[in-house]
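**Student:**
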Amino acid sequence: MWAVPYHLSVRNGPSLILTVMLTITQALYDRIVAHARQDHPDEACGVVAGPAGSGRPERFIPMLNAARSPTFYEFDSGDLLKLYREMDDLDEEPVVIYHSHTATEAYPSRTDISYANEPGAHYVLVSTADTDGAGPFQFRSFRIVEGEVTEEEVTVVESY
Ligand SMILES: [Zn+2]
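Note that full-length UniProt numbering numbers the sequence shown so that position 29 is 29, with each residue one more than the last.
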């Protein structure tokens, strides 16, 4: 499959390459939801990495919520550094950055927005609120660029 080389994406400027849709496999979708259910009532968080420039989430990486909080998530800085080195070695980027809300809707909080520093990533939020762990779970995706939140469509596929 043809993919835009990462340096080209950068040269063209992020506004031109941002698609307003997340396409994700059912298997990855299920793993994100399972992680959110497992960590409830604390927030769960993680990354799905993919080949740089592809926009295709492939490698599921559940992370530890270092804050272990029902209202906040924070990647452990050591884990995060290790992950970014690993992605660099594999020529990957964080295509999806996900976390759960366990008492509120699946929409980025003010804190989420202020900490969002990957304009190329899809910020996925899952809500496990008011479901008693049974679902259905809100699963929504957003772009967060310079404090501006744009919701995007989520398309779930069997395979890419
Ligand atoms: Zn949040």
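Don't be surprised by glycine CBs; every beta carbon is placed ideally from N, CA and C.
Would DSSP call residue 49 helix, strand or coil?
**Tutor:** What you label residue 49 is simply residue 49 of the sequence shown in a count that begins at 1. Note: residue 49 maps to strand in three-state DSSP.
**Student:** Excluding the 5 residues flanking residue 64 on each side, which residues of the same chain have their C-beta closer than 7 Å to its C-beta?
**Tutor:** Reading the sequence shown from its first residue, position 64 is the one you call residue 64. The answer, listed in chain order, is 76 and 79.
**Student:** DSSP puts residue 94 in a beta bridge; with which residues?
**Tutor:** The residue given as residue 94 occupies position 94 in the sequence shown. Residue 94 is bridged to 49.
**Student:** Just mark residue 110 as buried or exposed, buried being the case when its beta carbon has 16 or more other beta carbons within 10 Å.
**Tutor:** Here residue 110 refers to the residue found at position 110 of the sequence shown. Exposed: under 16 other Cβ atoms inside 10 Å.
**Student:** Just list the residues that DSSP pairs residue 122 with in beta bridges.
**Tutor:** By 1-based counting over the sequence shown, the position of residue 122 is 122. The bridge partners DSSP lists for residue 122 are 96.
**Student:** Hey, is residue 35 close to ligand 1, as in C-beta under 7 Å from one of its heavy atoms?
**Tutor:** Numbered from its first residue, the sequence shown carries residue 35 at position 35. Result no, Cβ not under 7 Å from ligand 1.
**Student:** Where does residue 143 sit, in a helix, a strand or coil, going by DSSP?
**Tutor:** Residue numbering aside, residue 143 sits at position 143 when the sequence shown is read from its first letter. Reduced to three states, the DSSP call for residue 143 is strand.
**Student:** Per DSSP, residue 156 forms a beta bridge with which residues?
**Tutor:** For the purposes of this step, residue 156 is taken as the residue at position 156 of the sequence shown. Beta-bridge pairing links residue 156 to 24.
**Student:** Residue 155: which of 61, 122 and 99 sits nearest, CA to CA?
**Tutor:** Position 155 of the sequence shown holds residue 155. Considering only alpha carbons, the answer is 122.
**Student:** Mark residue 9 as exposed unless 16 or more other C-beta atoms lie within 10 angstroms of its C-beta, in which case mark it buried.
**Tutor:** In the sequence shown, residue 9 corresponds to position 9, counting from 1. Note that residue 9 scores a pLDDT of 42, beneath 50, so its modelled location is shaky and nothing firm can be said.
**Student:** So is the beta-carbon of residue 40 under 7 Å away from any non-hydrogen atom of ligand 1?
**Tutor:** Counted from its first residue, the sequence shown places residue 40 at position 40. Answer for residue 40: no, Cβ out of range of ligand 1.
**Student:** When every heavy atom of ligand 1 is checked, does at least one fall within less than 7 Å of the C-beta of residue 122?
**Tutor:** Within the sequence shown, numbered from 1, the residue matching residue 122 stands at position 122. The closest heavy atom of ligand 1 lies 7 Å or more from the beta carbon of residue 122.
**Student:** Measure the alpha-carbon distance for residue 58 versus residue 143 and round it to whole angstroms.
**Tutor:** Here residue 58 refers to the residue found at position 58 when the sequence shown is read from its first residue. Here residue 143 refers to the residue found at position 143 when the sequence shown is read from its first residue. Looking at the two C-alpha atoms, the distance is approximately 19 Å.
**Student:** According to the neighbour-count rule (16 or more other Cβ atoms, all chains shown, within 10 Å of its Cβ), is residue 164 buried or exposed?
**Tutor:** Absent from the model: residue 164. The displayed extent of the chain is 1 to 160, so no value can be given.
**Student:** Please work out which residues of its chain come closer than 6 Å, Cβ to Cβ, to residue 105, disregarding the five sequence neighbours upstream and downstream, and give them in chain order.
**Tutor:** Translated into the one-based positions of the sequence shown, residue 105 becomes position 105. Answer for residue 105: 127, listed in chain order.
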